[in-house]
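Numbering (the working numbering), first residue to last: 411 to 774.
Beneath this line is the structure, given in structure tokens, with notes to follow.
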Amino acid sequence: MSTTQKVALVTGITGQDGSYLAELLLEKGYQVHGVKRRASSFNTQRIDHIYQDQHETNVNFTLHYGDLTDSTNIIRIIQEVQPDEIYNLGAMSHVKVSFDSPEYVANVDGIGTLRILEAVRILKLEKKTRIYQASTSELYGGLAENKNAAGFYDENSPFYPRSPYGVAKIYGFWITKNYREAYNIYACNGILFNHESPRRGETFVTRKITMATAAIALGKQDCLYLGNLNSQRDWGHAKDYVEAMWRILQQDVAEDYVIATGVTTYIRDFVRFSFAEAGIELAFEGENENETAKIVACNNPEYQLEIGKVVVRVDPQYYRPTEVDLLIGDPSKSKKLGWEPQYDLAGLVKEMVASDLEILKRNR
Ligand code: NAP
Ligand code: GDD
């Protein structure tokens, strides 16, 4: 290890963002340490390609067993690693599931953030270690009256979280800001709007849609059941968003930033774009629980589907007790970071559908 090599510690390294961030930091020459949870079956699929490399060429990647609910474990790992940068990405990140396990989410997503900050303070690393906290657009709760005059959520928009996940993350946001002000720690919130990729968890709406698109196109699934088709999200690509995380920690002054595309799209339209990517044109009809989408054209020579077949239906079990109807972020401040996303929504959908088609064809 060279004396100038930077050391990063990433919680949530086995997740979507953790895997892209690990790749980015390794490319930049960092020594990367990740915290992974013990599981009864393998949970490292997203980083196996990096881990396997380690046995040949990559000595810069180390995994530590750990959990954000365990303070002593967090303190010990940080003491061993002595990181220059900590990226706290670990979380129970599913909004709907947070209604089923609210206390656990408060512990991991809220108090887990405090555990990281306290560990840095206890170990007297305030001057050495910079901390990135994975905050979220869920903090805004989608209240129309809280958008700025231009119709976006920005760094000054009021928060109104609408789920146990959002409420836990608001604690993480404020405790990060408080430790920055109280102890002069370089600790920042990235208020990231939704970001997706072929590595997105399979129960988030975009991946559920692209996987179903591939499965229906290849005759392996009859119908896709979704919840609220009327909500709108500002979707970017995770690969772009981890670059923004890194940039947030490279500034002279620690600040919080919104990371977004500034474009919002209905869930229904994501479904339409996804099927179109596989050459399938859909028409939606009906409302609420009775809304359906049927095939009106199929232009892919590889597979022919029956015209008129209903392939999307609504199942109210996917509705949430309180919904965030609309998210759209103002990326103006992020320009100060020199950050520009490389993907637009069309590019994101294309990559996700192509990847899911390939996975299913490989397993055929
Ligand atoms: P993800 O794919 O669900 O990954 C979450 C990671 O956290 C996984 O590595 C998971 O480990 C780990 N984790 C869960 N519980 C933990 C615990 N108790 N202790 C330690 N680690 C734990 O989420 P993501 O999409 O990569 O998101 C990364 C972070 O950004 C999360 O904090 C999320 O809330 C936040 N965020 C995400 C978005 C988005 O659109 N993706 C937007 C804004 C903010 P396992 O693999 O073992 O489950
Ligand atoms: N998951 C899911 N499954 N969502 C559905 C479904 C379905 O079958 N049908 C409709 N939706 C709607 C949800 O009601 C929500 O309005 C929208 O699709 C997006 O849901 P998710 O993809 O689960 O993401 P999210 O916006 O709730 O949360 C994600 O983004 C946040 C940032 O805004 C997660 O990644 C959070 O961790 C992140 O903080």
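For every residue, glycine included, the Cβ atom is placed at its ideal position computed from N, Cα and C.
Computed from a predicted model, the values in this text were never measured in an experiment.
Grab me the residues of D427's own chain with a C-beta within less than 8 Å of its C-beta, minus the 5 sequence neighbours each way, in chain order.
-> For D427, the CB contacts under 8 Å within the same chain, skipping 5 residues up- and downstream, are L499, A544, H605, A648, Y651, V652, M655 in chain order.
Determine, using beta carbons only, whether I423 and K446 come nearer to each other than 8 Å.
-> Using a Cβ distance threshold of 8 Å, I423 and K446 count as a contacting pair.
Name the residue from K534, V734, L755, T523 whose alpha carbon lies nearest to the alpha carbon of Y776.
-> The requested residue 776 does not occur in the structure, where the chain is confined to residues 411 to 774.
Per DSSP, which residues does Q642 bridge with? Please list them.
-> Looking at the DSSP output, Q642 sits in a beta bridge with Y676, L736.
Proximity test, N498 beta-carbon vs the ligand GDD heavy atom, cut-off 7 Å = The closest heavy atom of the ligand GDD lies 7 Å or more from the beta carbon of N498.
Apart from the five residues just before and just after V505, which ones in its own chain have a Cβ nearer than 8 Å to its Cβ?
-> Excluding positions up to five away in sequence, the list reads E548, S573, Y575, G576, R730, V734.
Per DSSP, what kind of secondary structure is N498 in: helix, strand or coil?
-> N498 falls in the strand class under three-state DSSP.
Sort out for me which residues DSSP pairs V720 with in a bridge.
-> Beta-bridge pairing by DSSP links V720 to K704.
Span of the alpha helix (DSSP H) around S765 = First-last of the alpha helix (DSSP H) with S765: 755-772.
Where do the N-terminal and C-terminal ends of the beta strand (DSSP E) with A544 fall, by residue?
-> Secondary structure note for A544: its beta strand (DSSP E) is the uninterrupted segment 540-546.
Contact check, F579 vs S567, beta carbons under 8 Å | According to the sequence as given, residue 579 is Lys; it is not Phe. Cβ atoms of K579 and S567: not closer than 8 Å.
Tell me which same chain residues have a C-beta within less than 8 Å of the C-beta of A560, skipping the five on either side of it?
-> Answer for A560: D740, listed in chain order.
Measuring from the CB of R617, is there a heavy atom of the ligand NAP at a distance below 7 Å?
-> For R617, the CB stays at least 7 Å from every heavy atom of the ligand NAP.
Which first and last residues belong to the alpha helix (DSSP H) in which Q786 is found?
-> Missing from the structure shown is residue 786; the chain here goes from 411 to 774 and no further.
Contact check, I669 vs F603, beta carbons under 8 Å | Against a cut-off of 8 Å, the Cβ pair of F603 and I669 comes out as a contact.
Taking R456 as the reference, which of A432, T479, G476 has the closest Cα?
-> When each option's Cα is compared against that of R456, the closest is A432.
Could you name the residues of the same chain whose beta carbon sits closer than 6 Å to that of E495, not counting the 5 residues immediately before and after it, in chain order?
-> Taking E495 as the centre and dropping the five residues before and after it, the same chain places the C-beta of A418, R540, L659 closer than 6 Å to its C-beta, in chain order.
Taking the CB atoms as reference points, tell me whether V420 and V442 lie closer together than 8 Å.
-> Yes, Cβ-Cβ distance for V420 and V442 is below 8 Å.
Report whether the distance from the Cβ of G576 to the nearest heavy atom of the ligand NAP is below 7 Å.
-> No, the ligand NAP has no heavy atom inside 7 Å of this Cβ.
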